[in-house]
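Asks: Structure in structure tokens, see below.
Number of protein chains: 2
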Amino acid sequence: MLSWIDGRPMELLSVKDRGLAYGDGLFETIAVNAGIPVLLERHMARLGAGCARLLIDLDLTVVRAELLAFSRELGDGVAKLIVTRGDGVRGYAPPKAVAPRRILQGGTKPAYPVCNAELGVRLFPCATRLAEQPLLAGMKHLNRLEQVLARAEWQDAEHAEGLMLDTSGRVVEGVYSNLFLCRDGVLFTPDLFRCGVAGVMRAELLAQAESYGVRCEVRDIGLDGLLQADEVFLCNSLYGIWPVRALQRHQWSVGPLTRKLQAIACDLLDS
Amino acid sequence: MLSWIDGRPMELLSVKDRGLAYGDGLFETIAVNAGIPVLLERHMARLGAGCARLLIDLDLTVVRAELLAFSRELGDGVAKLIVTRGDGVRGYAPPKAVAPRRILQGGTKPAYPVCNAELGVRLFPCATRLAEQPLLAGMKHLNRLEQVLARAEWQDAEHAEGLMLDTSGRVVEGVYSNLFLCRDGVLFTPDLFRCGVAGVMRAELLAQAESYGVRCEVRDIGLDGLLQADEVFLCNSLYGIWPVRALQRHQWSVGPLTRKLQAIACDLLDS
Numbered sequence: 007m008l009s010w011i012d013g014r015p016m017e018l019l020s021v022k023d024r025g026l027a028y029g030d031g032l033f034e035t036i037a038v039n040a041g042i043p044v045l046l047e048r049h050m051a052r053l054g055a056g057c058a059r060l061l062i063d064l065d066l067t068v069v070r071a072e073l074l075a076f077s078r079e080l081g082d083g084v085a086k087l088i089v090t091r092g093d094g095v096r097g098y099a100p101p102k103a104v105a106p107r108r109i110l111q112g113g114t115k116p117a118y119p120v121c122n123a124e125l126g127v128r129l130f131p132c133a134t135r136l137a138e139q140p141l142l143a144g145m146k147h148l149n150r151l152e153q154v155l156a157r158a159e160w161q162d163a164e165h166a167e168g169l170m171l172d173t174s175g176r177v178v179e180g181v182y183s184n185l186f187l188c189r190d191g192v193l194f195t196p197d198l199f200r201c202g203v204a205g206v207m208r209a210e211l212l213a214q215a216e217s218y219g220v221r222c223e224v225r226d227i228g229l230d231g232l233l234q235a236d237e238v239f240l241c242n243s244l245y246g247i248w249p250v251r252a253l254q255r256h257q258w259s260v261g262p263l264t265r266k267l268q269a270i271a272c273d274l275l276d277s
Numbered sequence: 007m008l009s010w011i012d013g014r015p016m017e018l019l020s021v022k023d024r025g026l027a028y029g030d031g032l033f034e035t036i037a038v039n040a041g042i043p044v045l046l047e048r049h050m051a052r053l054g055a056g057c058a059r060l061l062i063d064l065d066l067t068v069v070r071a072e073l074l075a076f077s078r079e080l081g082d083g084v085a086k087l088i089v090t091r092g093d094g095v096r097g098y099a100p101p102k103a104v105a106p107r108r109i110l111q112g113g114t115k116p117a118y119p120v121c122n123a124e125l126g127v128r129l130f131p132c133a134t135r136l137a138e139q140p141l142l143a144g145m146k147h148l149n150r151l152e153q154v155l156a157r158a159e160w161q162d163a164e165h166a167e168g169l170m171l172d173t174s175g176r177v178v179e180g181v182y183s184n185l186f187l188c189r190d191g192v193l194f195t196p197d198l199f200r201c202g203v204a205g206v207m208r209a210e211l212l213a214q215a216e217s218y219g220v221r222c223e224v225r226d227i228g229l230d231g232l233l234q235a236d237e238v239f240l241c242n243s244l245y246g247i248w249p250v251r252a253l254q255r256h257q258w259s260v261g262p263l264t265r266k267l268q269a270i271a272c273d274l275l276d277s
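Going down the list, the sequences are from chains A and B. Each number in my numbering comes from the position in the first sequence (counting from 1) with 6 added on. Each number in my numbering comes from the position in the second sequence (counting from 1) with 6 added on.
Right under this line is the structure:
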């Protein structure tokens with residue numbers, strides 16, 4: 007496995023790292039094509055915003071340079087970038103004058119079944135709910151036990167993803183994807199100010215849809231709203247878009263807005 | 007620093023560990039006196055219960071043996087035991103047939119000011135609230151960003167601890183302590199089924215108080231209930247008990263029940 011720590015090839019990390027102790031950090035999962043990170047600016051922007059919120063004093067110029075060099079060496083695959091607050095001394099108080107740690111891990115692209123994108127996927131209804139914590143919402147931070155528990159709820163290959171609600175019953179996202187729905191030609195996606203991860207593909211699709219004149223609304227969505235949608239789809243920065251065709255007994259057909267955005271996501275990920 | 011991984015002296019950890027990737031694990035912070043871990047059975051019981059809830063297949067016999075050997079080598083100090091689900095492959099799904107990882111770190115006992123225990127401490131009113139997540143409540147898991155954010159709210163030495171409320175405004179705990187209050191001779195501590203860490207010293211004090219005929223109630227407590235208390239104190243497994251003497255302008259005096267339980271905690275930690 008290709009692995010760098012703080013810019014140097016290394017697969018072992020200090021046990022004092024606060025990423026391990028407290029999940030005190032953030033990560034990005036980045037598709038890499040022919041040595042080039044896809045949606046680089048969006049990944050950097052989200053990482054920078056997350057570091058600002060967590061008061062992690064990261065030099066984004068350094069991280070960007072390391073990611074670009076790492077991607078060139080990786081060629082084609084997935085680069086996972088983890089940024090932690092660095093080594094801890096004792097206790098929760100963020101230490102002063104400690105440099106944030108950058109960890110890069112390279113891998114191959116996940117081999118998802120082609121039918122996920124072509125025919126759509128079936129959603130598993132996760133019982134694990136997302137807690138409402140506005141201070142952490144939207145960030146791709148390292149506190150991911152809710153996703154671990156949700157993903158452990160099903161093992162069968164019939165369900166490619168799981169649907170996660172918040173503790174109040176609102177529809178939020180997939181376990182490793184964001185969720186969109188279309189109704190009467192309008193694109194909707196859940197507001198993520200209470201919980202959820204604001205994905206870079208979600209941000210890109212919202213921008214692309216608006217540029218094509220599609221009306222977009224970011225708002226609270228209930229289970230009823232989901233079931234009444236004309237089209238439903240998932241997205242993330244590795245697979246692009248998967249139409250959703252079923253949740254338990256409810257079924258949706260794959261619609262034109264989904265296919266149009268899917269083609270755009272495909273172009274982004276294949277270029 | 008004394009540091010063992012999976013029973014062997016080692017200070018470096020695989021970057022693939024899911025403790026780093028997702029905070030997918032648990033920890034215990036254990037006082038060690040003359041080579042003996044204090045409140046060992048309570049620490050082991052909590053760790054075992056947490057592993058069961060997170061579906062981590064840990065062999066407690068192995069962990070106990072490692073902790074005992076590690077403590078003998080440490081002598082006097084603090085042993086931090088981290089258990090993670092082990093190395094990850096890809097994605098949130100817990101991998102099968104992966105052995106949980108045990109990490110032991112040794113340190114000296116924290117040098118808290120003596121006046122914390124003697125005169126009591128002032129609580130900082132943390133703006134960071136605890137999200138309500140019954141699936142994770144009570145466990146000492148590795149998803150601790152809320153505590154990191156809360157502890158970053160104050161730097162002055164005047165406040166030894168911070169008070170954390172949940173997102174509904176209930177009183178829950180300190181950033182690294184549990185909270186008790188006494189009213190009319192009855193001992194109260196917040197119910198931790200929605201959020202919070204159920205400390206081993208909290209469990210021990212509840213058991214000890216009941217054995218001395220003190221009525222104990224574990225229940226929801228509002229800010230009003232806290233302000234109306236006759237006595238307020240904090241506890242954890244390293245410092246024992248600190249009386250609370252102030253929260254902003256509100257003041258409490260140090261009462262007899264606090265002193266009685268403090269003596270019991272002292273005996274436990276010094277023996």
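Ideal Cβ placement from N, Cα and C applies to all residues, glycine included. Remember, predicted model here, so these are calculated numbers, not experimental data.
Tell me which residue opens and which closes the alpha helix (DSSP H) that B:Q268 is part of.
Replies: Residues P262 to D276.
Asks: Determine the contact status of B:N149 and A:L141, defining contact as a CB-CB distance below 8 Å.
Replies: Not closer than 8 Å, so no.
Asks: Kindly indicate the opening and closing residues of the beta strand (DSSP E) around A:C121.
Replies: Segment V120 to L125 is the alpha helix (DSSP H) holding A:C121; no beta strand (DSSP E) there.
Asks: Would you say the beta carbon of B:D162 is closer than 7 Å to some non-hydrogen atom of the ligand ZN?
Replies: This structure lacks the ligand ZN; in fact it carries no ligand of any kind.
Asks: Measure from the alpha carbon of A:R225 to the alpha carbon of each residue in A:A271, A:V178 and A:A213, then state which is nearest.
Replies: Nearest C-alpha to A:R225: A:V178.
Asks: Between A:L74 and A:A156, what straight-line distance do the alpha-carbon atoms span, to the nearest angstrom?
Replies: Spanning the two alpha carbons is a distance of roughly 33 Å.
Asks: Counting C-beta neighbours from all protein chains within 10 Å, is the total for A:D172 16 or more, i.e. buried, or is it exposed?
Replies: Classification of A:D172: buried, given that the 10 Å Cβ count is 16 or more.
Asks: For the stretch 233-263 of chain A, which residues have a CB atom closer than 7 Å to at least one CB atom of chain B, in sequence order?
Replies: Those would be none; no residue qualifies.
Asks: Relative to the C-alpha of A:V238, which candidate in A:H256, A:E79, A:L244 and A:Y182 has its C-alpha closest?
Replies: Ranking A:H256, A:E79, A:L244 and A:Y182 by Cα distance to A:V238 puts A:H256 first.
Asks: Please confirm whether A:Y88 has its beta-carbon closer than 8 Å to some beta-carbon of chain B.
Replies: Just to set this straight, residue 88 of chain A is Ile in the shown sequence, not Tyr. Cβ-Cβ to chain B under 8 Å: yes for A:I88.
Asks: Whole beta strand (DSSP E) runs in the stretch 29-114 of chain B with 3 or more residues, listed along the chain?
Replies: For the stretch 29-114 of chain B, whole beta strand (DSSP E) runs of length 3 or above, ordered along the chain, are 31-39, 83-90 and 107-113.
Asks: Taking all protein chains shown into account, do 16 or more other C-beta atoms lie within 10 angstroms of the C-beta of A:A235, making it buried, or fewer, making it exposed?
Replies: Per the 10 Å Cβ criterion, buried.
Asks: Given that B:N149 touches chain A, what residues does it touch there, using C-beta distances under 7 Å?
Replies: Neighbours of B:N149 on chain A, chain order: G29, N149 and L151.
Asks: B:S2 by DSSP, collapsed to three states: which one?
Replies: No answer is possible for residue 2 of chain B: it lies beyond the span of chain B, which begins at 7 and ends at 277.
Asks: With a cut-off of 8 Å, does the C-beta of B:P43 fall near any C-beta of chain A?
Replies: No, because no Cβ of chain A sits closer than 8 Å to the Cβ of B:P43.
Asks: Out of curiosity, what's the CA-to-CA distance linking A:F199 and A:A137?
Replies: Computed Cα separation, rounded: 12 Å.
Asks: From A:L32 to B:R189, what does the alpha carbon distance come to, in whole angstroms?
Replies: Whole-angstrom Cα-Cα distance: 43 Å.
Asks: Since B:V181 and B:G168 are thought to touch, with beta carbons under 8 Å apart, how far apart are those beta carbons, to the nearest angstrom?
Replies: Right, the Cβ-Cβ distance comes to about 5 Å (below 8 Å), so this counts as a contact.
Asks: To the nearest whole angstrom, what separates the beta carbons of B:S243 and B:T35, a pair I think is in contact under 8 Å?
Replies: Indeed, because the Cβ distance is near 6 Å, the residues count as touching under 8 Å.
Asks: Just to confirm the assignment: which complete alpha helix (DSSP H) runs, minimum length 4, are found wholly within the stretch 130-158 of chain B?
Replies: Entirely contained in the stretch 130-158 of chain B, the alpha helix (DSSP H) runs reaching 4 residues are, in chain order, 151-157.
Asks: Exposed or buried, which one is A:E210 when buried takes at least 16 other CB atoms within 10 Å?
Replies: A:E210 is buried by the Cβ-count criterion.
Asks: Pair every Cβ in the stretch 7-25 of chain A with every Cβ in the stretch 91-100 of chain A, then say whether three or more of these pairs are closer than 8 Å.
Replies: Taking 8 Å as the limit for Cβ pairs, the verdict is that the stretch 91-100 of chain A does touch the stretch 7-25 of chain A.
Asks: Counting only beta-carbon atoms, is A:V154 nearer than 8 Å to chain B?
Replies: Closer than 8 Å: yes.
Asks: Among B:G81, B:R107, B:R70 and B:I227, which one has its Cα closest to the Cα of B:R52?
Replies: When only C-alpha atoms are compared, the closest one is B:R70.
Asks: I want to see whether chain B comes within less than 8 Å of A:G219, judged by CB atoms only; does it?
Replies: Closer than 8 Å: no.
Asks: Which residues in chain A sit within 8 Å of B:V181, going by Cβ to Cβ distance?
Replies: The contacting residues are Y98.
Asks: Figure out for me which residue from A:M7, A:C241 and A:S183 has the closest Cα to the Cα of A:I109.
Replies: For A:I109, the nearest C-alpha among the options comes from A:M7.
Asks: Report the residue from A:P101, A:A55, A:A40 and A:L66 whose alpha carbon sits nearest the alpha carbon of A:E293.
Replies: Not covered by the structure: residue 293 of chain A. The range shown for chain A is 7 to 277.
Asks: Applying the criterion that 16 or more other CB atoms from any shown protein chain within 10 Å of the CB defines a buried residue, is A:Y245 buried or exposed?
Replies: The residue is buried, with at least 16 neighbouring Cβ atoms inside 10 Å.
Asks: Please tell me whether A:I227 has its Cβ less than 8 Å away from any Cβ of chain B.
Replies: So, not an interface residue.
Asks: So, under 8 Å CB-CB, B:C222 and B:L233 are touching, yes? Tell me the CB distance rounded to an integer number of Å.
Replies: No, B:C222 and B:L233 are not in contact; Cβ-Cβ is about 20 Å, not under 8 Å.
Asks: Residues of chain A with CB closer than 9 Å to the CB of B:D23, please, in chain order.
Replies: Near B:D23 (Cβ distances below 9 Å), the residues of chain A are L19 and L26.
Asks: How is the alpha helix (DSSP H) around A:L229 delimited, first residue to last?
Replies: Here the alpha helix (DSSP H) through A:L229 covers L229 to L233.
Asks: Name, going along the chain, the residues of the stretch 108-126 of chain B whose beta-carbon falls closer than 8 Å to a beta-carbon of chain A.
Replies: Correct list: I109, Q111, G113 and P116.
Asks: Checking the sheet assignment: what are the DSSP bridge partners for B:C241?
Replies: According to DSSP, which records beta bridges pairwise, B:C241 is partnered with B:N184 and B:I247.
Asks: Kindly indicate which three-state DSSP category B:Q257 falls into: helix, strand or coil?
Replies: Strand at B:Q257.
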